[in-house]
Structure formats: structure tokens, C-alpha cells
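A.B. asks:
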Amino acid sequence: MFNNKSNVFTLYMVSWFEKAKEILIFRRNEKNEALTSLVEDFFDVLMLVHDTNSEGKIQTLESFILRICTLVADVRINIYIQQEAVRKLNSMLDTMPREARKKIISTKEMFLVIMTSEKQRGELARQWFSMAFVTNAFKGIKDSEFETDCRKFLNQVNGMLGDKRRVFTYPCLSAILDKYELQIPLDENLDEFWIDFNVGSRSISFYVAADDEDHQWETVSIPEEEVEMYSLEEKESKKLLTIILKNPVTVGNQEGEQMFLYFDPVLEIMEVARKVYGANKCKGFTKKQATSVAKTSVHIIFDESGSQVCYTVLITTPTKRKVSEASVIVPGTGRLPLRSPLVFVNSSTPRKARFKLPLQMMSSSEKNNITRITESGINNLDLENTGPHISSIADSLKRRNVAAEKVSFF
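Using this note's numbering, read the sequence shown as starting at 270 and increasing by one per residue.
Here's what the structure looks like:
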């Protein structure tokens, strides 16, 4: 049984965590082996305490769930550190005692959707959200399609931000690592190969079908510090984003130093690529043939019931196919027909064994909302890729910033 000495030890662990976080924030997105070792050592000790007994599990969960959520959602933290934090957090959640689960889901500062049933989500949604259409969309998350439904929900919240969002998601026609074509994850509800341009963490990330027999999803993340150069050109009536890496990257059983991402020609890829990787690494944009220019504008009006109606208009010439980057319709009834970008939730849940041939060019439609966790006063939370491997949602949506900031999830 834990005693006062263990409580003092937990306080030391909290102090260690806060000091380590200060160092990580000071070093910004720097990838540093010493910093990585510092974080790994901390989590190794934390897991030893957690695995001691039920009391240890409850104490570490109560002391560190919210803190770890702020770490993985802070745009100033390196994405590799965030991934390690999420892995350890998921390990703790997998063995969470029932009493701790009940206590945590009742808190106002945060909720973890993966811990609640569909019935519980329906009962608690109005306590968590003040806007009716967000409440109804949240209640639409089904256990059977948890990952994809979470993405749709987060996408609806993200779509409210328009050009102010910090994650821009576009459908990809195909993704190739050197000469190896990467496959879309094996999910019958995922009909597009979505690519996330993460402005906060300055990285491009997406999910592919893993090579294992469980058909799990594998995360591909390309941070700015790993990019030597990138370029955009039109090739065979497609936009080709070429990313040349400083070091080889391994995806499944394949290794390569060049990533080729093909997009529909009407999408404005160059602008978001520069936001992520900067202009100094751009080789330049070569147009081999004239194309129309697509512009997106966001409009917010109020319907007769007083609810916000947010939608996006894409303007293009009649000769081009219309591809929507973001389109969210928010009717007063709460039903949400939409075609808008998905913000991904990574999952280690085995997927259904559905095989899909390499992607062909198709008509398509297009993460980063920021929210504050008020208890800690942190203002730099970021939805992104919040780390890959995320299997639940951490949220502290408040009324004053729900339309302007973002949900973090894991």
C-alpha cells in the first residue's frame, strides 16, 4: 500500500516532469539525443511506479494524465518526444482501474473518449460542449468506427477555423517512397489518402497500411529538420510534391530518401508546404501548363434558430474539376452533412482485413484546432499529430475559444 513516502516521491516525479518540460520548451522543436534520453528515463521510472500496484496506477494517472496531455499537445515540443509520451500514456490507460476511470471522466478539465461508452458520451456531451451542433456531432461517434468517427468530429470543429487552422489536410492521389508505392490504411470507411500539413510542429504526416498481419496503421511523419529540400511541379496533370530527406526513412519494410506525393492540380499545395517547411528549402514551383487558380473563402452566417452556419466556397474555372479543401455545413438541427478535411487519430487497433489496390487518381474533397487546458494556463496546445498513436481525445473546450482554437486527442 502506498504511504506518505510514496506521495513525496510522486511530488518529486512531478517536479522532474515540470523541469524537463521547461527544458524541452526552451529547446523548442530541436531533435536532441540528450533530451530524448532525459524523457525516456523519466517515463521508465514513472512506469515502474505505475506498475507497482493499483495504488501506484491511480496515483500516477491522477498526477500525470493532464500533464502528459498538455505535453503532447504543445506545439513547442518535438514530435518525437510527443510520440514517446503518447505511447506511455496509452500503456497507462490500458490498465486503468475502474475507480480511476470514473473519477477522470467526470472532470471538467479533460475527457478521454476511449474510456466512455456511446451511452455515456450521449449523457455527458452537453456538459462538455456548449454548441449544439458540436454536441450532436460528438454523440455521433460510434464504438465500432471509433477512429474514423473521431476524425470526422474533430474535422468539423477544425473546419470552423478556416484559414486560421494550423493543420491543413488534403487528399493525396498516391504516395511513393523512392520506387515503392505506399498503400492507404485498410479501413472500409477511409475513402481518401489524407495528408496532414502540420504548421505547428512543422511536419507532414499521414497514415499507411502496415506490413504486419494485423493490418494496423503505420504513421509516416516528415518533420522540417529532416528535409533537405522540397519542390512542387505539375506532372501528368497532377501536382507532384517531392521531398528529399537528409537521412533515409523506413516505412514498413521499405527504406528511401525521397518521398513523392501526388495531388489534384487544383489544390493549393505550395502555400501550405511553405508554411510547414519554409521558403528557403523550396526548389521552386514549375508549371508545365496553365491551370486555373482555386481560392477558398470561409463564410459564417446565422440561421433562423441562431446557430452558426459555417461553409466554404471554392472558386475555379469551369474547365477544372471542383475539389473542396474544406466545406462544413452547420445547420440548426445539428445534423452535419459535410465534405471537409479529416484530422487523424492514429490507432493500434487491428483493422479489418480489406485489401485495396494502389490508389488511382480520383475526385476528392479536402488538424489544427487549439484549445486551452485552463487548469495549467497553457496557450500553445495543438491538435496535430498530437501525436501519432493517439487513441482517445483530450479536451478542455471552453465557450470563449471553441470557435477559434483546437481539440487535442490521443
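No residue lacks a Cβ here, since even glycine has one placed at the ideal position from N, Cα and C. Just so you know, these numbers come straight off a predicted model, no measurement behind them.
By Cβ distance below 6 Å, which residues in the same chain neighbour Y531 in space, the five residues on each side in sequence not counted?
C.D. replies: For this step, residue 531 is matched to residue 262 along the sequence shown. Same-chain partners within the cutoff: L442, S443, K507 and L509.
A.B. asks: Smallest Cα separation from N359: which of G409, H319 and E368?
C.D. replies: The count along the sequence shown starts at 1 and reaches residue 359 at position 90. Residue H319 is the option with its Cα nearest to N359.
A.B. asks: Taking the C-alpha atoms as reference points, what is the distance between E493 and G547?
C.D. replies: Working through the sequence shown from its first residue, we reach residue 493 at position 224. Working through the sequence shown from its first residue, we reach residue 547 at position 278. Rounded to whole angstroms, E493 to G547 spans 8 Å at the Cα level.
A.B. asks: Is the distance from the Cβ of R336 to the Cβ of I294 below 8 Å?
C.D. replies: By one-based count along the sequence shown, residue 336 stands at place 67. By one-based count along the sequence shown, residue 294 stands at place 25. Cβ atoms of R336 and I294: not closer than 8 Å.
A.B. asks: By Cβ distance, which residues of its chain are closer than 7 Å to T417, with the 5 residues on each side in sequence left out?
C.D. replies: The sequence position of residue 417 within the sequence shown is 148, counting from 1. Within the same chain, T417 has close Cβ partners D456, N458 and L459.
A.B. asks: Going by the CB atoms, is the gap between I453 and A478 shorter than 8 Å?
C.D. replies: Along the sequence shown, read from residue 1 onward, the residue named residue 478 stands at position 209. Along the sequence shown, read from residue 1 onward, the residue named residue 453 stands at position 184. Contact flag set, yes.
A.B. asks: Could you spell out where the alpha helix (DSSP H) holding S490 opens and where it closes?
C.D. replies: Taking the sequence shown and counting its residues from 1, the one referred to as residue 490 is at position 221. Element bounds for S490: not the alpha helix (DSSP H) but the beta strand (DSSP E), W486 to P492.
A.B. asks: Can the beta-carbon of Q527 be found less than 8 Å from the beta-carbon of T511?
C.D. replies: Position 258 of the sequence shown, counting from 1, holds the residue named residue 527. Position 242 of the sequence shown, counting from 1, holds the residue named residue 511. Going by C-beta atoms, Q527 is nearer than 8 Å to T511.
A.B. asks: Using a Cβ distance threshold of 8 Å, determine whether the stretch 307–314 contacts the stretch 350–370, with at least three qualifying pairs required.
C.D. replies: Because the criterion of three Cβ pairs below 8 Å is met, the stretch 307–314 and the stretch 350–370 touch.
A.B. asks: So, under 8 Å CB-CB, K326 and M365 are touching, yes? Tell me the CB distance rounded to an integer number of Å.
C.D. replies: Reading the sequence shown from its first residue, position 57 is the one you call residue 326. Reading the sequence shown from its first residue, position 96 is the one you call residue 365. Confirmed, about 7 Å.
A.B. asks: Quick one: residues in its chain with C-beta nearer than 7 Å to the C-beta of L394, no 5 flanking neighbours on either side, listed in chain order?
C.D. replies: The residue given as residue 394 occupies position 125 in the sequence shown. It is Ala, not Leu, that sits at residue 394 in the sequence shown. Excluding sequence neighbours, A394 sits near T404, F407 and K408.
A.B. asks: Does the Cβ of L330 have 16 or more other Cβ atoms within 10 Å, making it buried, or fewer, making it exposed?
C.D. replies: Numbered from 1 along the sequence shown, position 61 holds the residue referred to as residue 330. Classification for L330: buried.
A.B. asks: Spatial neighbours of M498 within its chain, please: C-beta separation below 7 Å, excluding the five flanking residues on both sides.
C.D. replies: Numbered from 1 along the sequence shown, position 229 holds the residue referred to as residue 498. Closer than 7 Å at Cβ, skipping near neighbours: I513, K550 and K552.
A.B. asks: Expressed to the nearest angstrom, what Euclidean distance is found between the alpha-carbon atoms of A342 and I292?
C.D. replies: Numbered from 1 along the sequence shown, position 73 holds the residue referred to as residue 342. Numbered from 1 along the sequence shown, position 23 holds the residue referred to as residue 292. The straight-line gap from Cα to Cα measures roughly 16 Å.
A.B. asks: Could you tell me the distance, in whole angstroms, from the CA atom of L315 to the CA atom of K544?
C.D. replies: On the sequence shown, residue 315 is found 46 positions in, with the first residue counted as 1. On the sequence shown, residue 544 is found 275 positions in, with the first residue counted as 1. If you take the alpha carbons of L315 and K544, they lie about 37 Å apart.
A.B. asks: Alpha carbon to alpha carbon, how far is Q389 from F333?
C.D. replies: Translated into the one-based positions of the sequence shown, residue 389 becomes position 120. Translated into the one-based positions of the sequence shown, residue 333 becomes position 64. If I take the Cα positions, the gap works out to 24 Å.
A.B. asks: Among L340, S474 and R297, which has the Cα closest to the Cα of V520?
C.D. replies: By 1-based counting over the sequence shown, the position of residue 520 is 251. Of the listed residues, the one whose Cα sits closest to V520 is S474.
A.B. asks: Cα-Cα, which of G525, F437, E324 and T305 is closest to D447?
C.D. replies: Your numbering for residue 447 matches position 178 in the sequence shown. Of the listed residues, the one whose Cα sits closest to D447 is G525.
A.B. asks: Taking the CB atoms as reference points, tell me whether V426 and D465 lie closer together than 8 Å.
C.D. replies: By one-based count along the sequence shown, residue 426 stands at place 157. By one-based count along the sequence shown, residue 465 stands at place 196. No, Cβ-Cβ distance for V426 and D465 is not below 8 Å.
A.B. asks: Applying the criterion that 16 or more other CB atoms from any shown protein chain within 10 Å of the CB defines a buried residue, is S470 buried or exposed?
C.D. replies: Taking the first residue of the sequence shown as 1, we reach residue 470 at position 201. The residue is buried, with at least 16 neighbouring Cβ atoms inside 10 Å.
A.B. asks: Does the beta-carbon of N516 have 16 or more other beta-carbons within 10 angstroms, so that it is buried, or is it exposed?
C.D. replies: Numbered from its first residue, the sequence shown carries residue 516 at position 247. Flag for N516 reads exposed.
A.B. asks: Which residue wins for smallest C-alpha separation from V518, given the options V489, L536 and V541?
C.D. replies: Here residue 518 corresponds to residue number 249 of the sequence shown, with the count starting at 1. The shortest C-alpha separation from V518 is found at V489.
A.B. asks: For K290 versus L362, is the C-beta distance shorter than 8 Å?
C.D. replies: Locating residue 290 in the sequence shown gives position 21, counting from the first residue. Locating residue 362 in the sequence shown gives position 93, counting from the first residue. For K290 and L362, no; Cβs fall outside 8 Å.
A.B. asks: Going straight from the alpha carbon of E503 to that of R296, what length do you get?
C.D. replies: Your numbering for residue 503 matches position 234 in the sequence shown. Your numbering for residue 296 matches position 27 in the sequence shown. Going from the Cα of E503 to the Cα of R296 covers about 38 Å.
A.B. asks: Considering only the beta carbon of each residue, do Y439 and L536 sit closer than 8 Å?
C.D. replies: Translated into positions along the sequence shown, residue 439 becomes position 170. Translated into positions along the sequence shown, residue 536 becomes position 267. Against a cut-off of 8 Å, the Cβ pair of L536 and Y439 comes out as a contact.
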